[in-house]
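**Q** Residue numbers (the numbering used here), protein chains in the order written: chain A, 924 to 1303; chain B, 924 to 1303.
Dropping the structure in here first, questions after.
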């Protein structure tokens, strides 16, 4: 195989995306080699991963004892140095939150292929990252199932007219505002279809997740916000669709399994048969249903669309406000509907910066988070 | 526009496909020019079409009085000469039955683009036509909604693993065999979703239409019969799907409207916005349902799959037997379930020819039809 082997860095290797990326890599030892692994605090899992995949380069924030115990031979490098390391072809940006921002930018500047699962990168700094990628011939490959679906539907096509993101509707689909006021973090964390982290699970329940995906889609596919729609499709089989100039629509379908879009990003333009994936059995297929999103019960969706329309640093402010508000909700300090209220307040008073630098955005991120905590009358 | 205008011949211009082709052409006067029109007996409609589109070349089988009355200036040419005429870029093969066979072959030999709606061409002579097309750089473009859907889903892709043809299930979906025994031609002709000719409408009711489409799909997309499945999807919004090596499925969707696949074949690789097409409104979308085909009540589907598996001249025999049997059913000479019985008998006694010539096939066609009439105890 020699040079055909793709050399991979997994940023956030102990998280949901990271672990599933390693599952894909494990299935194709002749196609991929793990060069670098980066994680936060779960260093015992990281040590196992480094040992299994013989990763030469490692980054971690937590205790190094588990790595020492296994007697692993590795080189420690900061996240940003890993992202632009010359030995690496594909950077899987699987960290959540803004920790991945600088690393993603570093990978873009180094002209890497970036399999991007880090929503915040595109939402907060889409303009900067896509510009850097263009300048340095970096390629940003979507890993989210929705964006992967759109990317697959666009393959070989030239005239997309509308992107249609599907949404499961989350665990509280059909709830009234007064019912949602009483919803707890515990209830929200029982998401029906996907296995994900806690922040993204709450975002799925508020539909902010879909809102962030709309903003990402603008940058990924260079589409204006008004050419992107959302359709509720609770079965989560159609992962998204593209409508073309002639009205023809293409949809991508599969059982919900994040490993499929991850694998597609890693193997693109090839597609490889993976025996771990369940193929759709049409004889057992349940009905597909479609609904309009309820913008009243789920105002986060509208806030995200509005932030995208305003542009500038509104999406960054949205993202920061959401992260702070969701944090408060997870600690039971605010109610479910307060999440959107706080975000709305934060956006109402936001003063947008045009053509922001990364530093502008990071500054806004800190300021908006603090402001949200302040508005909520809490400081944790 | 000059040389960018595509010059078109419409074979079967007064039939369903032909009229809808002209509707598409009418919407884009800068993109298409009608050079030739060919029809059977509806010469008054043909005269109107020749007059409107200023077609220079004409073929017809019926009375020429309507054309004379309008004082039209045209050159009469046989169908096969039109199909290979140097002034023509795209031949729309919209005739039904075997009348289009020789013309399609003539177009393939002349290296034309062939927008193929004539099922019999591919089912009876798929091997010959695809070989001629390959030899002469002719391109065969599907016009059927199902094959167009597959073609669209394959765009830019390289690893199709399975083709999934959708079927409405026809007007008798859910009927038992004993109920089907009593079904009349009149009932069968009330097809719910598509506007089509009578023969194809009966084929839709028996599911032979889907069977013929499976055989066509083998030739269009160079796929073995066992990699093609059928799923009943009564809403007829998903027109067909392709499953790839990684298990990812792409589907093409639109409201049922034959003009869309016709336009796609004519404009390919471009897609043009056509204000006459209704775009899908997801807010009004009904549920999509999926069912397994009932091979017992609709044995034609199984007969077609079996004929494809056997290869040789079995598909041609199937086609001929079907045309004869459907003719008898339309004249109320046999019952609905007799259609498949007669076809089965004809196939059981068929002696296949390997690497058949067109003459072999035409001979088989005549012989099998006669045999079906004979078996039915009738000779009309």
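A virtual CB, placed ideally from N, CA and C, is assigned to each residue, including glycine.
Out of curiosity, what's the CA-to-CA distance linking residue 1350 (chain A) and residue 941 (chain A)?
**A** This structure cannot speak to residue 1350 (chain A), because chain A is shown only from 924 to 1303.
**Q** Could you tell me the alpha carbon to alpha carbon distance between residue 1102 (chain B) and residue 958 (chain B), rounded to whole angstroms?
**A** Along the second chain, read from residue 1 onward, the residue named residue 1102 (chain B) stands at position 179. Along the second chain, read from residue 1 onward, the residue named residue 958 (chain B) stands at position 35. Computed Cα separation, rounded: 49 Å.
**Q** Can you tell me where the beta strand (DSSP E) holding residue 1162 (chain A) begins and where it ends?
**A** One-based indexing of the first chain puts residue 1162 (chain A) at position 239. Per DSSP, residue 1162 (chain A) belongs to the beta strand (DSSP E) from 1161–1167.
**Q** Mark residue 1065 (chain B) as exposed unless 16 or more other C-beta atoms lie within 10 angstroms of its C-beta, in which case mark it buried.
**A** If you number the second chain from 1, residue 1065 (chain B) lands on position 142. With 16 or more Cβ atoms within 10 Å of its Cβ, residue 1065 (chain B) is classed as buried.
**Q** Which chain B residues are close to residue 1205 (chain A), counting only those with a beta carbon under 8 Å from its beta carbon?
**A** As a working mapping, residue 1205 (chain A) is identified with position 282 in the first chain. Taking a Cβ-Cβ threshold of 8 Å, the residues of chain B close to residue 1205 (chain A) are 1087, 1152, 1154, 1213 and 1215, in chain order.
**Q** In this structure, how does DSSP classify residue 1184 (chain A) when only helix, strand and coil are distinguished?
**A** If you number the first chain from 1, residue 1184 (chain A) lands on position 261. Helix at residue 1184 (chain A).
**Q** Which residues of the segment 1169–1197 of chain B have a Cβ closer than 7 Å to any Cβ of chain A? Give them in chain order.
**A** 1169, 1170, 1171, 1172, 1173, 1174, 1175, 1176, 1177, 1183, 1186, 1187, 1194, 1195, 1196 and 1197
**Q** Is residue 1111 (chain A) near residue 1083 (chain A), with beta carbons less than 8 Å apart?
**A** Numbered from its first residue, the first chain carries residue 1111 (chain A) at position 188. Numbered from its first residue, the first chain carries residue 1083 (chain A) at position 160. Residue 1083 (chain A) is positioned such that its CB atom lies no closer than 8 Å to that of residue 1111 (chain A).
**Q** Label residue 1100 (chain B) either buried or exposed according to how many other C-beta atoms from any shown protein chain fall within 10 Å of its C-beta, with 16 as the threshold for buried.
**A** Along the second chain, read from residue 1 onward, the residue named residue 1100 (chain B) stands at position 177. With a 10 Å radius around the Cβ and a threshold of 16 neighbouring Cβ atoms, residue 1100 (chain B) comes out exposed.
**Q** What ranges does the alpha helix (DSSP H) occupy inside the segment 937–993 of chain A, keeping only unbroken runs of at least 4 residues that lie completely in it?
**A** 939–950, 966–976 and 988–992
**Q** Along the chain, where does the beta strand (DSSP E) that runs through residue 1158 (chain A) open and close?
**A** Residue numbering aside, residue 1158 (chain A) sits at position 235 when the first chain is read from its first letter. Here residue 1158 (chain A) belongs to no beta strand (DSSP E), and DSSP marks it neither H nor E.
**Q** One question on the structure: do residue 1017 (chain B) and residue 934 (chain B) come within less than 8 Å of each other, judged by their Cβ atoms?
**A** Locating residue 1017 (chain B) in the second chain gives position 94, counting from the first residue. Locating residue 934 (chain B) in the second chain gives position 11, counting from the first residue. Contact flag set, yes.
**Q** Taking Cβ-Cβ distances shorter than 9 Å, what residues in chain A pair up with residue 1078 (chain B)?
**A** Against the second chain, residue 1078 (chain B) aligns to sequence position 155. 1078, 1079, 1080 and 1173, listed in chain order.
**Q** Identify every residue that forms a DSSP beta bridge with residue 1002 (chain A).
**A** In the first chain, counting from the first residue as 1, residue 1002 (chain A) sits at position 79. When DSSP reads this structure, residue 1002 (chain A) sits in no beta bridge, so it has no partner.
**Q** Taking 8 Å as the limit between beta carbons, can you name the residues of its chain near residue 1209 (chain A), skipping five residues before and five after?
**A** Within the first chain, residue 1209 (chain A) is the residue found at index 286, counting from 1. Cβ neighbours of residue 1209 (chain A) within its own chain (closer than 8 Å, five residues either side excluded): 1158.
**Q** Are residue 1211 (chain B) and residue 1160 (chain B) touching if we call contact CB-CB under 8 Å?
**A** Sequence index remark: in the second chain, residue 1211 (chain B) carries index 288 (1-based). Sequence index remark: in the second chain, residue 1160 (chain B) carries index 237 (1-based). In contact: residue 1211 (chain B) and residue 1160 (chain B) (Cβ atoms closer than 8 Å).
**Q** Rounding to the nearest angstrom, what Cα-Cα distance links residue 1008 (chain A) and residue 927 (chain A) in this structure?
**A** Taking the first residue of the first chain as 1, we reach residue 1008 (chain A) at position 85. Taking the first residue of the first chain as 1, we reach residue 927 (chain A) at position 4. So the alpha carbons of these two residues sit roughly 18 Å apart.
**Q** My assumption, with CB atoms under 8 Å, is that residue 1005 (chain B) sits in contact with residue 1061 (chain B). Please give the rounded CB distance.
**A** Locating residue 1005 (chain B) in the second chain gives position 82, counting from the first residue. Locating residue 1061 (chain B) in the second chain gives position 138, counting from the first residue. That pair is no contact at about 15 Å.
**Q** Using a C-beta cutoff of 8 Å, does residue 943 (chain B) count as contacting chain A?
**A** Position 20 of the second chain, counting from 1, holds the residue named residue 943 (chain B). Taking Cβ atoms only, chain A never reaches closer than 8 Å to residue 943 (chain B), which makes this a no.
**Q** Inspect the beta-carbon positions of residue 954 (chain A) and residue 1124 (chain A) and report whether they are closer than 8 Å.
**A** Walking along the first chain from the start, residue 954 (chain A) turns up at place 31. Walking along the first chain from the start, residue 1124 (chain A) turns up at place 201. Their beta carbons are not under 8 Å apart, which means residue 954 (chain A) does not touch residue 1124 (chain A) by this criterion.
**Q** Could you tell me whether the Cβ of residue 1202 (chain A) comes closer than 8 Å to any Cβ of chain B?
**A** Within the first chain, the letter at position 279 stands for residue 1202 (chain A). Residue 1202 (chain A) counts as touching chain B.
**Q** Which value, in whole angstroms, describes the spacing of the CA atoms of residue 971 (chain A) and residue 1047 (chain A)?
**A** Counted from its first residue, the first chain places residue 971 (chain A) at position 48. Counted from its first residue, the first chain places residue 1047 (chain A) at position 124. A straight-line Cα-Cα distance of about 33 Å links residue 971 (chain A) and residue 1047 (chain A).
**Q** Express the C-alpha separation of residue 975 (chain A) and residue 983 (chain A) in angstroms, rounding to a whole number.
**A** Residue mapping note: residue 983 (chain A) aligns to position 60 of the first chain, counting from 1. Residue mapping note: residue 975 (chain A) aligns to position 52 of the first chain, counting from 1. Going from the Cα of residue 983 (chain A) to the Cα of residue 975 (chain A) covers about 17 Å.
**Q** Can you find a CB in chain B that lies within less than 8 Å of the CB of residue 1149 (chain A)?
**A** Start at 1 with the first residue of the first chain, and residue 1149 (chain A) comes out as number 226. Closer than 8 Å: no.
**Q** Kindly identify the DSSP beta-bridge partner or partners of residue 1090 (chain B).
**A** Working through the second chain from its first residue, we reach residue 1090 (chain B) at position 167. Beta-bridge pairing links residue 1090 (chain B) to B:1155.
**Q** Span of the alpha helix (DSSP H) holding residue 1295 (chain B)?
**A** Taking the second chain and counting its residues from 1, one reaches residue 1295 (chain B) at position 372. That run of the alpha helix (DSSP H) goes 1281–1298.
**Q** May I ask you to list the residues that DSSP assigns as paired with residue 1211 (chain B)?
**A** One-based indexing of the second chain puts residue 1211 (chain B) at position 288. In the DSSP output, where bridge partners are listed per residue, residue 1211 (chain B) has A:1211.
**Q** Please report the distance separating the alpha-carbon of residue 1116 (chain A) from that of residue 1179 (chain A).
**A** Indexing the first chain from 1 puts residue 1116 (chain A) at position 193. Indexing the first chain from 1 puts residue 1179 (chain A) at position 256. Any reading at residue 1116 (chain A) must be qualified, since the residue scores a pLDDT of 44, below 50, and its modelled position is unreliable; the value itself is stated next. If you take the alpha carbons of residue 1116 (chain A) and residue 1179 (chain A), they lie about 7 Å apart.
**Q** Starting from residue 932 (chain A) and walking both ways along the beta strand (DSSP E), at which residues does that stretch end?
**A** For the purposes of this step, residue 932 (chain A) is identified with residue 9 of the first chain, where counting begins at 1. Where residue 932 (chain A) is concerned, the enclosing beta strand (DSSP E) stretches over 929–934.
**Q** Could one say the Cβ of residue 1067 (chain B) lies closer than 8 Å to chain A's Cβ atoms, at least one of them?
**A** In the second chain, the residue the question calls residue 1067 (chain B) occupies position 144. It does not: the Cβ of residue 1067 (chain B) has no partner Cβ on chain A nearer than 8 Å.
**Q** Between which two residues does the beta strand (DSSP E) containing residue 1014 (chain A) stretch?
**A** The residue labelled residue 1014 (chain A) in the question sits at position 91 within the first chain. 1013–1016 is the extent of the beta strand (DSSP E) around residue 1014 (chain A).
**Q** So the candidates are B:1279, B:1203, B:1219 and B:1267; which of them puts its Cα closest to the Cα of residue 1086 (chain A)?
**A** Translated into positions along the first chain, residue 1086 (chain A) becomes position 163. Of B:1279, B:1203, B:1219 and B:1267, the residue nearest in Cα terms is B:1203.
**Q** Roughly how far, in whole angstroms, is the beta-carbon of residue 880 (chain B) from the beta-carbon of residue 1188 (chain B), given that I think they are within contact range, below 8 Å?
**A** Any property of residue 880 (chain B) remains undetermined from this structure, which presents chain B solely from 924 to 1303.
**Q** Note down, in chain order, every chain B residue with its Cβ under 7 Å from the Cβ of residue 1167 (chain A).
**A** The residue you call residue 1167 (chain A) lines up with position 244 of the first chain. Neighbours of residue 1167 (chain A) on chain B, chain order: 1194.
**Q** For residue 977 (chain A), does the count of other Cβ atoms within 10 angstroms reach 16, so buried, or fall short, so exposed?
**A** Translated into the one-based positions of the first chain, residue 977 (chain A) becomes position 54. It counts as exposed.
**Q** For the candidate residues A:1205, A:1216, A:1207 and A:1199, whose alpha-carbon lies nearest to that of residue 1207 (chain B)?
**A** Here residue 1207 (chain B) refers to the residue found at position 284 of the second chain. With distances taken between Cα atoms, residue 1207 (chain B) lies closest to A:1216.
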